[in-house]
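Residue numbers (the working numbering), protein chains in the order written: chain A, 1382 to 1502; chain B, 757 to 1009. For glycine and all other residues, C-beta sits at the position ideal for the given N, C-alpha and C. Everything numeric in this text was worked out from a predicted model, so none of it was measured.
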């Protein structure tokens, strides 16, 4: 159908993935649960830092579209770091580690990680 | 999101999912895409969680997110989570958390601890059904024995329903999008009907990871929000994922 919901006949022979609906494969990383929580994500975040900063900037832009004064992001940056202390182990420490390596403010990494609950707002 | 667990005619459990995210979070008019969905795609990674150099579980994730939305505990179970909308939603849980009432769990931290610590399909199902949550959710779980496949429909406090695979009833798969399976989906967002039509047309005799990828590639099951597709097979401990695109014409959700 060329009108919403654009349903189409059941696809076949899409595998192995290729063509316009396949953007690319996904790379593998190891997370060592024996290492301290704060260090577990260092290698991955070092690799993905630019893309992570990028998505956080997009979320910041979106928040500022709603609250142009920037107060919403300020609120996130001031209050959510306190929340990280209340998160169960090892999640609080892992989130701190991600903030350390990425340079993204701790409050915004907390927001990224509790987004499912926040999104219901 | 769309998640499906199917049992093939050899008793293998196959688990596939499309992770859709970014609705109403900014539309890029020039590229006809959702801004946040596109920004998330470069962050999609596969993770091998190890302890004592042994794989504990594997997952498809967004870098920077420490919770789990998609994962497999090889030879034991596979788990995905889909969003469930409810007025009694996450914002109430967050408010309770801020006010000091912290006996609930954050959704993706629960899935992470189940993947890390549960010892069996039944153990995982009990934890997912009974642990208090901050936000409602659907948990889709696959196991390593015939009949082990279910959708756990959760409110924040309760397990509302568990729908299981039941070969005697001809239910060789369970499939969840974002609506309670005993209700009609929102007419503006019915991905369930086309997905089930394609599963039924595939039949149990022909279901495989390959044909499951075909179902998850059929519009509108594949839509502009779809960031990745993951395919898992518990009996082989296999997890594979692919970053997706949906060129226009394609449903925005």
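Proximity winner among the options, relative to residue i (alpha-carbon distances)
i                       : options                        : result
residue 807 of chain B  : A:1416, A:1486, A:1436         : A:1416
residue 937 of chain B  : B:907, B:966, B:956, B:960     : B:907
residue 988 of chain B  : B:797, B:933, B:829            : B:829
residue 1498 of chain A : B:913, B:850, B:786, B:834     : B:850
residue 870 of chain B  : B:996, B:969, B:766, B:812     : B:812
residue 770 of chain B  : B:793, B:848, B:875, B:963     : B:963
residue 1413 of chain A : A:1385, A:1424, A:1403, A:1398 : A:1424
residue 900 of chain B  : B:767, B:759, B:758, B:757     : B:767
residue 1440 of chain A : B:814, B:805, B:793            : B:793
residue 933 of chain B  : B:1009, B:926, B:923           : B:1009
residue 846 of chain B  : A:1496, A:1408, A:1459         : A:1496
residue 1447 of chain A : B:921, B:835, B:971, B:781     : B:781
residue 776 of chain B  : B:785, B:765, B:917, B:790     : B:790
residue 1444 of chain A : A:1389, A:1402, A:1489, A:1473 : A:1489
residue 802 of chain B  : B:896, B:986, B:990, B:885     : B:986
residue 884 of chain B  : B:902, B:909, B:903, B:904     : B:909
residue 837 of chain B  : B:772, B:1000, B:940, B:939    : B:772
residue 955 of chain B  : B:927, B:942, B:905            : B:927
residue 939 of chain B  : B:917, B:922, B:921            : B:917
residue 760 of chain B  : B:920, B:942, B:880, B:994     : B:920
residue 1374 of chain A : B:805, B:778, B:1007, B:999    : Lying outside 1382 to 1502, the shown extent of chain A, residue 1374 of chain A is not represented and no answer is given.
residue 784 of chain B  : B:994, B:990, B:805, B:980     : B:980
residue 922 of chain B  : B:903, B:996, B:835            : B:903
residue 1394 of chain A : B:787, B:1001, B:971           : B:971
residue 878 of chain B  : B:860, B:834, B:858, B:854     : B:834
Exposed unless 16 or more other CB atoms sit within 10 angstroms - verdict on residue i
i                       : result
residue 831 of chain B  : exposed
residue 992 of chain B  : exposed
residue 817 of chain B  : buried
residue 1459 of chain A : exposed
residue 1484 of chain A : exposed
residue 1427 of chain A : exposed
residue 961 of chain B  : exposed
residue 1407 of chain A : buried
residue 1386 of chain A : buried
residue 950 of chain B  : buried
residue 925 of chain B  : exposed
residue 787 of chain B  : exposed
residue 1473 of chain A : buried
residue 875 of chain B  : exposed
Beta-bridge partners of residue i, as assigned by DSSP
i                       : result
residue 763 of chain B  : B:769
residue 988 of chain B  : B:771, B:995
residue 861 of chain B  : B:889
residue 1403 of chain A : B:1000
residue 776 of chain B  : B:982
residue 793 of chain B  : DSSP output for residue 793 of chain B lists no bridge partner at all.
residue 1412 of chain A : B:805
residue 800 of chain B  : B:818
- Answer yes if the stretch 888-903 of chain B comes into contact with the stretch 839-846 of chain B, meaning at least three C-beta pairs across the two stretches below 8 Å, and no otherwise. yes
- Item | Selection of the stretch 800-825 of chain B by Cβ proximity to chain C, strictly under 7 Å | Included in the structure are the protein chains A and B, with no chain C among them.
- Three or more C-beta pairs closer than 8 Å, one from the stretch 936-952 of chain B and one from the stretch 968-979 of chain B: is that the case here? yes
- Task: Any chance you could list the beta strand (DSSP E) runs of at least 3 consecutive residues sitting entirely within the stretch 883-939 of chain B, in chain order?
- Result: 893-898, 905-910, 915-920, 929-932
- Message: Using 8 Å as the cut-off, can you tell me whether the stretch 907-917 of chain B makes contact with the stretch 1460-1472 of chain A, which would need three or more C-beta pairs spanning the two stretches below that distance?
- Response: no
- Are the stretch 1431-1449 of chain A and the stretch 787-805 of chain B in contact at 8 Å, needing three or more beta carbon pairs? yes
- Message: Under 8 Å, with one C-beta from each stretch per pair, do the stretch 820-827 of chain B and the stretch 855-875 of chain B reach the 3-pair mark?
- Response: yes
- Item | Touch test, the stretch 1448-1460 of chain A against the stretch 1418-1429 of chain A, Cβ-Cβ under 8 Å, three pairs minimum | no
- Which ranges does the beta strand (DSSP E) cover as unbroken runs of at least 3 residues, wholly within the stretch 809-848 of chain B, from first to last along the chain? 810-818, 826-829, 833-839
- Message: So within the stretch 1444-1480 of chain A, which uninterrupted alpha helix (DSSP H) runs reach at least 4 residues, ignoring any that extend past its ends?
- Response: 1452-1465
- Message: Quick check for students: name the residue ranges of the alpha helix (DSSP H) that lie wholly in the stretch 936-981 of chain B, counting only runs of 4 or more.
- Response: 948-958, 965-972
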